[in-house]
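Chains as they are written, first to last, in numbering that gives the first Met the number 0: chain A, 0 to 336; chain B, 0 to 336; chain C, 0 to 336; chain D, 0 to 336. For glycine and all other residues, C-beta sits at the position ideal for the given N, C-alpha and C. Computed from a predicted structure; not experimentally measured. Each remark here refers to the structure printed beneath this line.
Number of protein chains: 4
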Amino acid sequence: MITVGIIGAGRIGKVHATSITTGIPNARIKTIADPFMNPKTAAWAKSIGIKNVTKDYKDILKDKEIDAVLICSSTDTHSKISLEAIKAGKHIFCEKPIDHDVAKIKKVMEALKGSKIKYQVGFNRRFDHNFEAVANAVKEGKIGNPQIIKITSRDPEPPSPEYVKVSGGMFLDMTIHDFDMVRYLSGSEVTEVYVQAANLVDPAIGKAGDVDTAIITLKLKNGAIAVIDNCRKAVYGYDQRAEVFGSKGMIACSNDSQSNAKLSNENGVTGEKPLFFFLERYMAAYQKEVKCFIDAIVNKKATPLGVKDGLEPVLIGLAAKKSLKEHRPVKISEIKF
Amino acid sequence: MITVGIIGAGRIGKVHATSITTGIPNARIKTIADPFMNPKTAAWAKSIGIKNVTKDYKDILKDKEIDAVLICSSTDTHSKISLEAIKAGKHIFCEKPIDHDVAKIKKVMEALKGSKIKYQVGFNRRFDHNFEAVANAVKEGKIGNPQIIKITSRDPEPPSPEYVKVSGGMFLDMTIHDFDMVRYLSGSEVTEVYVQAANLVDPAIGKAGDVDTAIITLKLKNGAIAVIDNCRKAVYGYDQRAEVFGSKGMIACSNDSQSNAKLSNENGVTGEKPLFFFLERYMAAYQKEVKCFIDAIVNKKATPLGVKDGLEPVLIGLAAKKSLKEHRPVKISEIKF
Amino acid sequence: MITVGIIGAGRIGKVHATSITTGIPNARIKTIADPFMNPKTAAWAKSIGIKNVTKDYKDILKDKEIDAVLICSSTDTHSKISLEAIKAGKHIFCEKPIDHDVAKIKKVMEALKGSKIKYQVGFNRRFDHNFEAVANAVKEGKIGNPQIIKITSRDPEPPSPEYVKVSGGMFLDMTIHDFDMVRYLSGSEVTEVYVQAANLVDPAIGKAGDVDTAIITLKLKNGAIAVIDNCRKAVYGYDQRAEVFGSKGMIACSNDSQSNAKLSNENGVTGEKPLFFFLERYMAAYQKEVKCFIDAIVNKKATPLGVKDGLEPVLIGLAAKKSLKEHRPVKISEIKF
Amino acid sequence: MITVGIIGAGRIGKVHATSITTGIPNARIKTIADPFMNPKTAAWAKSIGIKNVTKDYKDILKDKEIDAVLICSSTDTHSKISLEAIKAGKHIFCEKPIDHDVAKIKKVMEALKGSKIKYQVGFNRRFDHNFEAVANAVKEGKIGNPQIIKITSRDPEPPSPEYVKVSGGMFLDMTIHDFDMVRYLSGSEVTEVYVQAANLVDPAIGKAGDVDTAIITLKLKNGAIAVIDNCRKAVYGYDQRAEVFGSKGMIACSNDSQSNAKLSNENGVTGEKPLFFFLERYMAAYQKEVKCFIDAIVNKKATPLGVKDGLEPVLIGLAAKKSLKEHRPVKISEIKF
């Protein structure tokens with residue numbers, strides 16, 4: 000039985016808390032911390048069996064009984080708390096991204112060197128049943144050598160312009176998941192990126208200095224080419240698809256819906272929209288990633304996504320930003336590390 | 000080069016005429032006959048290269064140059080003209096059904112005995128690409144021993160009550176195609192039929208003494224069971240599907256649409272309706288069946304659908320009528336032949 | 000918070016126990032009873048937080064703290080324990096079927112009369128996301144008046160001949176779910192049934208006095224016709240589909256798979272098989288039905304499936320057996336009640 | 000009735016000849032010319048009703064009875080024969096591309112200025128039922144403002160290295176169709192192109208100086224972004240898909256197969272591969288484009304694809320070649336015209 004503390008009781012902290020209490024029998028949450036802890040959140044925590052609540056995450060780090068922490072606080076605190084948790088000897092599950100600043104990720108990497116601490120980054124989509132099936136087909140050689148990887152990733156609704164300003168930009172906030180997906184599905188590393196992007200959804204996003212629609216081309220070490228298409232707003236819902244084409248075939252996955260029922264009438268044959276957004280689509284994936292983390296601790300094996308897996312997508316994201324600014328293909332090696 | 004005469008210049012006669020002139024290079028139509036032949040039809044015939052038009056089909060039967068006739072006249076004349084054409088030594092393609100009266104079909108069978116005349120019945124659906132793929136999978140053993148055969152056959156629009164009165168009833172008019180399909184897909188013979196039917200679409204059909212909605216269960220010689228569901232009106236268009244389930248798997252086909260384009264928006268993911276009706280869905284099948292008929296003549300081989308194939312669905316249809324009337328399962332052997 | 004006792008710790012008892020502990024926050028299981036309770040089961044019970052285990056279900060009935068029982072014991076005990084639980088004043092969730100003997104179901108109905116006890120029968124499929132979507136479309140009038148209801152229900156593997164002998168026959172054991180589904184999707188009652196069945200899967204099933212393949216036609220009070228096709232063995236897995244066709248359109252649902260990934264290669268375009276069997280396909284439905292039961296208790300409202308809903312499918316099943324035996328359509332009213 | 004001459008009796012010349020004789024009643028082919036005309040081809044021509052065959056296409060240009068010519072000769076002769084045919088006053092259907100040399104296309108444009116000659120370029124895919132449905136949905140505003148256009152275009156088999164050497168390279172030989180498709184589906188013009196390409200299919204193609212796999216990003220005048228993915232070899236057959244995503248939704252089309260039959264067995268649920276190659280997929284489109292050409296002559300209206308539509312994809316193709324060479328985004332305006 001692994002004793003866990005959760006740092007951050009926002010949306011994603013709550014998702015992980017519920018996942019653990021309902022589906023991970025060999026983990027128990029002892030404490031949840033949030034600087035804005037209030038009676039309502041405290042009552043919720045109690046209702047799902049969490050013993051302690053606190054405003055200070057250090058209470059968790061100091062607690063000898065706690066084996067592992069889930070860092071679900073705001074992005075700017077991820078690397079700092081990671082470093083402190085490493086010092087405190089806790090295993091760490093850290094929400095993506097570790098940081099937007101490569102230097103800070105580097106510090107986490109260095110702090111982990113030689114330690115036995117398990118570190119996992121929260122790229123939840125790797126644990127989605129559809130993407131897993133695609134990745135497994137590639138790994139098993141069913142499509143031969145990968146040649147073209149295609150990711151479609153579109154959100155149902157754009158973030159607020161306020162959020163856009165502090166988000167690090169679409170590539171570090173949204174596309175970062177797709178950069179990880181390219182690495183996951185190809186089993187290779189990105190070496191170069193080219194961005195063609197535009198501000199088509201909401202002029203306020205443009206005023207906030209960001210784009211909302213993009214085609215991103217990536218060159219991979221294994222010779223394959225990848226392309227991501229992003230949009231901050233798809234009126235039909237969360238569009239999350241992937242396709243890997245290779246010398247022996249193609250494996251592709253599409254969206255999930257609430258049901259597969261189809262209505263035939265004078266207007267045609269109509270199926271349901273994709274599941275609305277990430278909480279609907281990836282709920283099982285969120286549970287599975289934490290299960291794997293706990294399993295890595297219990298069985299003393301590597302986590303499925305280490306700190307390097309947290310770093311690479313940030314490097315690609317920074318190269319993508321540079322490509323957009325300089326309107327040219329940018330090598331990942333141009334980004335200082 | 001086979002020289003052909005077409006008897007009947009109604010809808011289906013025109014379909015065959017166009018099929019031959021545009022897609023069957025080794026057949027030419029010399030004459031087309033219709034009791035209601037008028038200048039407009041004559042002009043149409045000329046425009047597609049048919050030399051002669053006549054009101055009297057006997058002009059065709061007397062013409063020594065003509066090798067084969069297509070009987071596309073009204074149903075009540077099929078067996079009579081068949082007999083005359085046999086006497087005249089013409090190969091015969093006869094639209095379904097040969098007759099509703101089994102005794103008359105019997106006469107055609109007897110007249111054909113010992114002759115070298117090729118006789119083919121117009122069950123066009125056997126030549127549809129989707130049903131052919133299903134039948135081929137069954138023949139090739141891909142689904143093992145057939146156990147359940149399911150046919151869905153629904154029209155987009157009910158016929159007029161006037162037509163219903165002279166149609167011989169839904170089972171002989173519409174379901175007859177599905178009875179043929181059961182034989183085609185199962186490679187076996189029907190031994191018993193049970194009908195559960197209702198008048199749900201249009202009360203006028205009921206007043207005309209017919210049903211418009213039915214579930215028909217069939218027992219087959221090879222041990223399999225089949226079920227047909229019919230309706231005279233499907234608002235979404237012509238619904239023509241089949242499924243054969245067996246010991247090693249299932250093969251199923253669905254409808255065709257004008258395109259496979261799918262629109263995703265706030266209402267869901269919408270594809271097109273099925274092709275509207277039989278002329279849209281089966282145009283290629285109509286051409287293919289006549290190609291096979293001409294091929295049988297040219298290469299002196301059996302036609303794919305002989306007079307027995309014209310008889311069996313009529314027997315099943317008559318048994319279905321009896322089952323509906325007597326509300327019990329009826330053996331095909333109960334129908335006098 | 001509702002306190003629950005579970006009677007029966009077999010496969011389905013365990014499913015419900017897990018559902019409650021992981022997903023129903025306002026219910027807690029105090030005791031689980033099983034005549035074959037052993038240390039392994041006891042350990043499992045403890046591991047998911049169940050306080051007490053017992054061999055005697057009467058310990059549960061006697062416990063004043065327990066509000067509700069889930070009867071998951073063998074079929075022959077369902078009605079007896081139901082009666083005892085009613086006497087003890089417990090709310091009851093009873094696995095299907097209540098009994099194969101109509102007289103015994105009648106006794107349960109009578110015992111419930113006038114009481115405030117909530118009684119729910121375990122027809123889990125009504126809580127499946129796909130069937131719910133179909134039923135909702137019908138209820139919302141999207142397909143107009145239902146005219147044809149079609150249910151496909153095929154198991155991946157036949158039961159053992161030993162099980163077949165005590166199962167009550169395919170209609171009461173397997174098709175009973177489909178009889179319920181016809182009632183659920185049509186919103187109407189079955190008035191007549193006709194069975195065409197065969198023994199095609201395994202001769203041992205025939206020797207045990209049962210069939211394994213069937214087409215079952217049903218007449219409904221609202222004028223619609225329904226058809227169920229069953230087979231005890233589909234090599235591609237659990238095949239669970241439904242279609243409702245009506246005056247304004249058709250709503251249909253198909254199977255679920257582990258993922259929607261599709262592999263395109265020289266052999267074609269291949270998607271996954273349906274989920275293997277009922278535990279895979281209906282896990283979420285099992286949880287949802289118990290949630291609804293608890294909700295009915297907490298909010299003092301009717302359960303979604305009362306004792307009448309447990310009775311009707313048994314009546315239809317008995318009529319189906321009679322139809323098979325007498326080879327004729329049988330009215331439900333012929334079955335004594 | 001339009002009298003037509005066909006210049007070139009290779010594969011595509013034969014396709015057009017058959018299309019006209021079987022499906023375009025208001026056109027007749029008087030003469031077919033080919034420098035390699037032989038008895039076999041002459042016999043074929045006669046069998047489909049073409050009166051004259053010749054080795055010299057000038058016989059066609061000189062023939063006062065001939066209204067229109069179809070230029071189906073080798074690419075390097077397209078612009079030259081176009082100019083001669085303009086001089087001879089013939090309407091012209093010219094296979095794509097008009098030329099790889101922009102200056103030569105310019106000459107054709109100038110020669111056409113002020114004349115009443117109808118000129119159509121053979122971008123057949125615009126007449127495919129699936130792509131038409133996508134384009135129509137866009138034109139009708141069903142997806143709002145286009146934001147992302149995606150084209151997948153993969154051949155089933157790579158060309159021979161010999162062909163590659165004279166083909167003008169993949170972008171002018173294969174992708175040129177996709178450049179046209181982007182213009183067709185977006186209703187806008189391409190302003191910039193970026194290529195990421197590789198030689199992954201066959202090293203011999205690389206030795207011949209070409210690539211075989213590519214992701215091509217395009218910027219459009221209306222603000223949208225487009226992406227094409229190409230491969231010279233897809234083992235599962237000809238992969239031709241398109242997707243247009245916009246502010247109000249998405250419209251997408253997929254491949255066609257010989258039938259829609261699906262086999263379910265222990266390996267999964269398998270549908271057929273896409274139709275093998277362009278002759279199978281686009282046969283109806285080839286006929287429709289010539290119908291439109293004849294219709295434009297008869298009804299004195301514009302052809303659906305003028306000489307400008309022949310020019311633009313060549314400009315984009317040349318820009319793509321430059322982008323590949325210089326590894327940077329290239330503006331179409333950089334290509335001299």
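Against residue i, what residues of chain B qualify as contacts under a CB-to-CB distance less than 8 Å, listed in chain order?
i        : result
D/Asn129 : Ser258, Asn259 and Ala260
D/Asp255 : Asn259
Do residue j and residue i count as a contact pair if the criterion is CB distance below 7 Å?
i        : j        : result
A/Ile90  : A/Lys57  : Correcting the residue identity first, residue 90 of chain A is His in this sequence and not Ile. The answer is no: Cβ separation not under 7 Å.
A/Ala84  : A/Val68  : yes
D/Val192 : D/Gly309 : no
A/Tyr285 : A/Val14  : yes
C/Ala196 : C/Val181 : no
B/Lys247 : B/Ile147 : no
A/Pro34  : A/Lys61  : no
D/Val107 : D/Ser72  : no
B/Lys320 : B/Phe170 : yes
Would you say residue i reaches chain A, if we count a Cβ-Cβ gap shorter than 7 Å as a contact?
i        : result
D/Ala197 : yes
B/Lys272 : yes
How would you label residue i, buried or exposed, when you count the other beta carbons within 10 angstroms and need 16 or more for buried?
i        : result
D/Lys300 : exposed
A/Pro202 : exposed
B/Lys86  : exposed
D/Glu109 : exposed
A/His326 : exposed
A/Phe275 : exposed
C/Tyr162 : exposed
Please tell me whether residue i has its Cβ less than 7 Å away from any Cβ of chain D.
i        : result
A/Gly168 : no
Reducing DSSP to helix, strand and coil, say where residue i ends up.
i        : result
D/Tyr56  : coil
B/Met173 : coil
C/Pro24  : coil
D/Ala301 : coil
A/Leu278 : helix
Give a yes or no on whether the minimum CB-CB distance between residue i and chain C is below 7 Å.
i        : result
B/Arg182 : no
B/Val137 : no
B/Arg327 : yes
If we cut at 7 Å on Cβ distances, does residue i have a partner in chain B?
i        : result
C/Val358 : The displayed coordinates of chain C run from 0 to 336. Any statement about residue 358 of chain C would go beyond what the structure contains.
C/Gly248 : yes
A/Gly205 : no
What does residue i reach in chain D if we use C-beta pairs closer than 7 Å?
i        : result
A/Cys230 : Gln146, Ile147 and Phe244
I want to verify the contact list: residues of chain C whose CB lies under 9 Å from the CB of residue i, in sequence order.
i        : result
A/Val133 : Ser258 and Ala260
Mind listing the chain C neighbours of residue i? Cutoff is C-beta to C-beta under 7 Å, in chain order.
i        : result
A/Lys141 : Leu262
B/Ile23  : In chain order: nothing, as chain C lies at least about 31 Å away.
B/Val226 : Ile214, Val226 and Asp228
A/Ala8   : Near A/Ala8 there are no residues of chain C at all, since even the closest Cβ is about 17 Å away, more than 7 Å.
Going along chain C in order, which residues have a C-beta closer than 8 Å to the C-beta of residue i?
i        : result
D/Glu265 : Val234, Tyr235 and Lys272
So with CB distances below 9 Å, who are the chain B contacts of residue i?
i        : result
D/Cys252 : Ser258, Asn259, Ala260 and Lys261
Starting from the beta carbon of residue i, find every residue of chain A whose beta carbon is closer than 9 Å, and list them in chain order.
i        : result
B/Thr174 : Neighbours of B/Thr174 on chain A: none; closest Cβ ~21 Å, over 9 Å.
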